[in-house]
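In the UniProt record's numbering, the protein residues as written are 1 to 591. Input: a single structure, listed below in C-alpha cells.
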C-alpha cells in the first residue's frame, strides 16, 4: 500500500515577498495576468473599504504556482469562478515542515502525510448519496456489540502500514500538521495554516471526523458505523467513558491522567490542578460553564465560531466559546501529567494519538448542531470567505480530495446525526442571589489604570459602559461585550483565568454556578513549525476574548449603571499572559 505514495523531504517551491497586492484580471484560457497595485484596499460585501494586507485574487496566485495544483482544481473553490475573494486556501502539501516542541527540539516524528504521486489533479470531494442517516451514539450508552465493532475497526486501522494514509498514525498526524503550523497556505509560502483560534475550528474538525469515521467503516465493511460522542455536558457523561478504559483494547491509551478515571468527575474548567471541591460542585460548575458558553456568551456567530480568518492574513486570534471552554479544558484533563507536555491529549501535536480524541471532538461537533437550535441569531455564517475555505483529506479509497466549509454545514447531508440525550445545561441559568449589593466602582481603579498588566494576582477594576438603559430592541440588534484586547502569552503554557462582574477580590472562584460568573479563558499549549519558534516567551500574534454580558447585566440589575466592577481571577499561568486593555463594546450579530 505504501508504494502508492511518495515519501519525500519537501522544500519551499518559491520565495516571494510576504505581502503582495494584486489587481485581479478576468482570466481567459487560464492565462495569468497579475499586476502590482499600490493600494491594499479590497472592496467586497463584508469588508468594504477595509485594508487587508495580503488579500488578493486567489486564483491568480494559485495559477502562478507553476502547476503545483492543477488549474482545474481551482473551479469550485468558490461558487463564482475567478471572483475576488479571500477564503483560506487548502494547505500546500508539498512544503509540509517539521514541528518543534516548546523547548526548541523537534517533534519526535514527522507530522507530514504521504504525498500522492500527482499533486496536480486533486479532485473536489463529492458527497455520496445518503440513503439513511446514521446515529452517533453517546459513549456511555453503547452496547458491548458496538464496543467490539469499534475496537476491531481501530485495531485494523492501527495494523495498517505506518505510511498508509489510512493508518491510525497517519490519521493522528493530520491534526499535528494542520494544528502545529506544519502547512503553509497554498499561494502564501510565508503564512502558516492554523485551524484553531478562528472560525475554521468547527468545520475543519467536522471534516476530520467525517473521513476518520468513513475509513473505520470501510475497514470493517460497515458503512453504517458511527463514532461515539463523549457527552461530558450531562451528569451521566461526566466521567471517563468505560469503553476506553480496557487496557487490552485498541481504544486504550496509557498516556492519560490515571487519577481521572472513574469515579472521578470531570472538571470542564480544568487548569492542570484538580479542583478542591465536591463532585456536586464540579457538576454544578460544569453545567454553568456549558450554559454560559452555549447561550450567554454565544448569541452571535462571531462569538460561537471565533474570529474570521482570511487567506494570506495573520489575524488577531479569537477562539469561539466552545473551542475555549470546554474543548481546551477537556484536552488538559485527559493528558498525562507525567509527560513533559501532557501528551497525548494535553497538547495539539499528539492529541489525536489517543482514541478518546475523536469522541471528545464528536461532542464538540454535537455542540454546533445543538447551538443552531437555540434560537435568536444562532446560525451559520453566510460569509463567502468562510464557506469557500478549503482543506485536503484522504478519503476511505486513499484518494486525496479537496473539501470546503460550505459542504459540511449540514451534518445530515454528511450522513449522520447524534443520539437524542438529555441536555441539562439548557435550563441551568444561574439564579441571582437575593439582596446582592452593587459594588461601588469608585472603590477600585479604572481599567485604564490597571492595564496593560499581567495576571500575577487577582485584578479588580471599574469600566465604563458606552451605552446604558438599552431597550430590548437594542439588545436584539447589538450584544454588549466585555472585551479583553491584545492578549499576548506564552502559547506553550497552560493558561486559564475567570471573569466575574459585581464581585470583589475575595470572590469564591471555586463556585461558578452564580450570576456573577461571566466566563473563562483557557489556552491549550501548542507548537510551531521549525523555524517559527523564536524562543520568545510571548506569542507574536495577539489574541482577543469577548464575553457577552447583556443577559448578566440584566440579571444583576446593572443595566442602568454607567460603570461596573469587573474581577479577573488567574487560575493557572497568569504570569505568562499580558492583557493590553479591557473595554466594553457592542457587536451587531451579523452572519
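Every residue, glycine too, gets a C-beta built ideally from N, C-alpha and C.
Which residues in the same chain have their Cβ closer than 6 Å to the Cβ of residue 483, if we skip the five residues on either side of it in sequence?
-> 546, 583, 585
Take residue 526 as the anchor and find which of 567, 99, 476 has the nearest alpha-carbon.
-> Of 567, 99, 476, the residue nearest in Cα terms is 99.
Would you grab the beta carbon distance between residue 468 and residue 561 for me? Rounded to a whole angstrom, and I think it's under 8 Å.
-> With a Cβ gap of about 7 Å, residue 468 and residue 561 count as contacting.
Just reading off the alpha helix (DSSP H) that residue 279 is part of, what are its end residues?
-> 279-291
By how many angstroms is the C-alpha of residue 180 removed from the C-alpha of residue 106?
-> 12 Å
To the nearest angstrom, how far is it from the Cα of residue 497 to the Cα of residue 275?
-> Rounded to whole angstroms, the separation of the alpha carbons of residue 275 and residue 497 is 14 Å.
Rounded C-alpha distance that separates residue 238 from residue 306 = 26 Å
Identify the residues that DSSP records as bridge partners of residue 585: which are they?
-> 481
Same chain only: Cβ atoms within 7 Å of residue 552, ignoring 5 sequence neighbours per side | 296, 501, 515, 518
Using the Cα positions of residue 478 and residue 436, report the straight-line distance between them to the nearest angstrom.
-> 27 Å
Buried or exposed (CB count within 10 angstroms, at least 16 for buried), residue 153 | Counting of Cβ neighbours within 10 angstroms places residue 153 among the buried residues, the total reaching 16 or more.
Relative to the alpha-carbon of residue 509, which residue among 394, 111, 277 has its alpha-carbon at the smallest distance?
-> 277
Nonlocal neighbours in the same chain, by C-beta distance under 7 Å from residue 376, ignoring five residues either side | Around residue 376: 299.
Determine the extent of the beta strand (DSSP E) in which residue 570 is found, giving its start and end residues.
-> 563-572
Pick helix, strand or coil for residue 499, following the three-state DSSP scheme.
-> Here residue 499 sits in strand by DSSP.
What number of angstroms, rounded off, separates the C-alpha of residue 447 from the C-alpha of residue 343?
-> 38 Å
Between which two residues does the beta strand (DSSP E) harbouring residue 217 extend?
-> Per DSSP, residue 217 lies in no beta strand (DSSP E); the unbroken alpha helix (DSSP H) holding it starts and ends at 201-219.
Would you call the CB atoms of residue 577 and residue 495 closer than 9 Å?
-> yes
How far does the alpha helix (DSSP H) with residue 367 in it reach, from first residue to last?
-> 356-371
Looking at the unbroken beta strand (DSSP E) that takes in residue 594, where does it start and where does it end?
-> Shown here, the chain extends from 1 to 591; a query on residue 594 therefore has no answer.
From residue 490 to residue 385, what distance separates their C-alpha atoms?
-> The alpha-carbon of residue 490 is positioned some 30 Å away from that of residue 385.
So, residue 454 versus residue 507, is the Cβ gap smaller than 9 Å?
-> no
Continuous alpha helix (DSSP H) assignments of at least 4 residues falling wholly in the stretch 109-181 = 144-159, 168-179
For residue 387, the first and last residue of its enclosing alpha helix (DSSP H) = 384-387
For residue 224 and residue 603, the rounded distance between their alpha carbons = With the chain covering 1 to 591 only, the question about residue 603 has no answer from this structure.
Compute the Euclidean distance between the alpha carbons of residue 356 and residue 230, then round it to the nearest angstrom.
-> Computed Cα separation, rounded: 8 Å.
Answer yes if the stretch 405-424 comes into contact with the stretch 203-214, meaning at least three C-beta pairs across the two stretches below 8 Å, and no otherwise.
-> yes
Kindly provide the ranges of any beta strand (DSSP E) runs that are 3 or more residues long and lie completely inside the stretch 420-460, ordered along the chain.
-> none
Could you say which of 158, 322, 213, 264 lies nearest to residue 253 if we only look at CA atoms?
-> Proximity to residue 253 across 158, 322, 213, 264 peaks at 158, based on C-alpha coordinates.
Grab me the residues of residue 380's own chain with a C-beta within less than 6 Å of its C-beta, minus the 5 sequence neighbours each way, in chain order.
-> 409
Pair every Cβ in the stretch 252-272 with every Cβ in the stretch 168-188, then say whether three or more of these pairs are closer than 8 Å.
-> no
Exposed or buried, residue 78, counting other C-beta atoms within 10 Å across all chains shown (16 or more means buried)?
-> Residue confidence is low: residue 78 scores 33 on pLDDT, short of 50, so the model does not pin down where it sits. No coordinate-derived value is stated.
Could you check what DSSP says for residue 296 in three-state terms: helix, strand or coil?
-> In this structure, residue 296 counts as helix in the three-state DSSP scheme.
Provide the residue(s) that pair with residue 462 in DSSP beta bridges, ordered along the chain.
-> DSSP lists 446, 565 as the beta-bridge partner residues of residue 462.
Take every Cβ of the stretch 180-191, pair it with every Cβ of the stretch 90-98, and state whether three or more of those distances are shorter than 8 Å.
-> yes
With distances taken from CA atoms, which of 558, 114, 284 is nearest residue 440?
-> 558
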